[in-house]
Amino acid sequence: MPENRESRWRKTDESVVLAHCLDHEQRFLFYARTYTAGQGYQYSETNQLILNFKIRYDDIKRNPQRRQYKQRAIQQFAKEVTALLRDQLDPSLSLILVPIPPSKERSHPEYDDRVEQVVKAVAANIHTVSWLPLLQVTTSMESYHSRSAGRNPEDIYAVLQLDEASAKYCQPNSIIALVDDVLTSGAHFTAARRRIQERFPDTTVIGIFWAKAVSYGVSSET
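Take any residue in the sequence shown, note its place counting from 1, add 31, and you have its number in my numbering.
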């Protein structure tokens, strides 16, 4: 599979509709790819990467060969975010990467630290970038990508809390980039930004997503 064939970082603009982040053009949300929801691995390079990135660990236990595909996707995500920040980040500025937490608590057997692995790798690549596990969920929920119901930022906000051990390292005027794999409605970004800015109102919070989700049959920018 040709590497990076579909990858091009861009900022959300007026062509993007996010039902739960209507002011996204002012929020600086970046994405590199387009993921077509409801389609499988064979549909596109991006679909293959995203679905490999989301492989569950219980699936890996049943078929250990799948671990290599998940790890390759994690490495590719980190490589592309590193390229974005090296190109766009002012070297005089420091940036904190914060993974948007998965739907499961850390103690849950299905907890998946895939986004955390990405931000760790990026922070290791760029000396002005650090990462913090600033957010955690207090109640495990059904995985977001398997839900038939829509995403509600109020529901997500209700189960998000700050990790106090990490919060002490966050300065009042920090620049924070929330990182996740797929941008769908903006609900997770909205809930996470709200939770952070309640404690740190002077922080700048942006978003970095590997892909933006579109419905099958909807054209996307190239």
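The beta carbon of each residue, even a glycine, is placed where N, CA and C say it ideally should be.
| query | result |
| --- | --- |
| Sheet register partners of Gly238 (DSSP bridge) | Leu60 and Leu209 |
| Opposing strand residues paired with Gln102 [DSSP bridges] | Beta-bridge pairing links Gln102 to no other residue. |
| Local Cβ density within 10 Å of Arg58, reported as buried at 16 or more and exposed below that | buried |
| Short Cβ contact (7 Å threshold) for Asn83 with Ala104 | yes |
| Those residues which DSSP pairs with Ile127 across a bridge | Ser161 and Ile207 |
| Close Cβ partners of Leu116 (< 8 Å) along its chain, the five nearest in sequence each way excluded | Leu126, Val153, Ile157 and Val160 |
| Anticipated Cβ contact below 8 Å, Val47 with Lys199, distance rounded | 35 Å between Cβ atoms; not a contact. |
| Span of the beta strand (DSSP E), counted from its first residue to its last, around Leu193 | Leu191 to Leu193 |
| Val47, DSSP secondary structure in three states | coil |
| Start-to-end residues for the beta strand (DSSP E) that takes in Leu166 | Leu166 to Val168 |
| Neighbourhood of Arg226 by C-beta, 8 Å cutoff - its chain only, sequence neighbours within 5 removed | Leu166, Tyr188, Leu191, Gln192 and Leu193 |
| Spatial neighbours of Arg41 in its chain, beta-carbon cut-off 6 Å, leaving aside the 5 residues before and after | none |
| Which residues DSSP lists as bridging Val245, in chain order | Thr67 |
| Cα-Cα separation between Glu54 and Lys151, rounded to whole angstroms | Note that residue 54 is Asp in the sequence shown, not Glu. Cα-Cα distance, rounded: 29 Å. |
| Counted within 10 angstroms of its Cβ, other Cβ atoms place Ser179 as buried (16 or more) or exposed | Confidence is the limiting factor: at Ser179 the pLDDT is only 42, short of 50, which leaves the residue's position unreliable, though a coordinate-based value still follows. So Ser179 counts as exposed. |
| Beta-carbon proximity list for Leu163, same chain, < 7 Å, skipping 5 on both sides | Ile127, Val129, Ser197, Tyr200 and Cys201 |
| Beta-carbon gap between Leu214 and Tyr62 smaller than 7 Å | yes |
| Of the residues Tyr88, Asn204 and Tyr66, the one placed nearest Gln79, counting alpha carbons only | Tyr66 |
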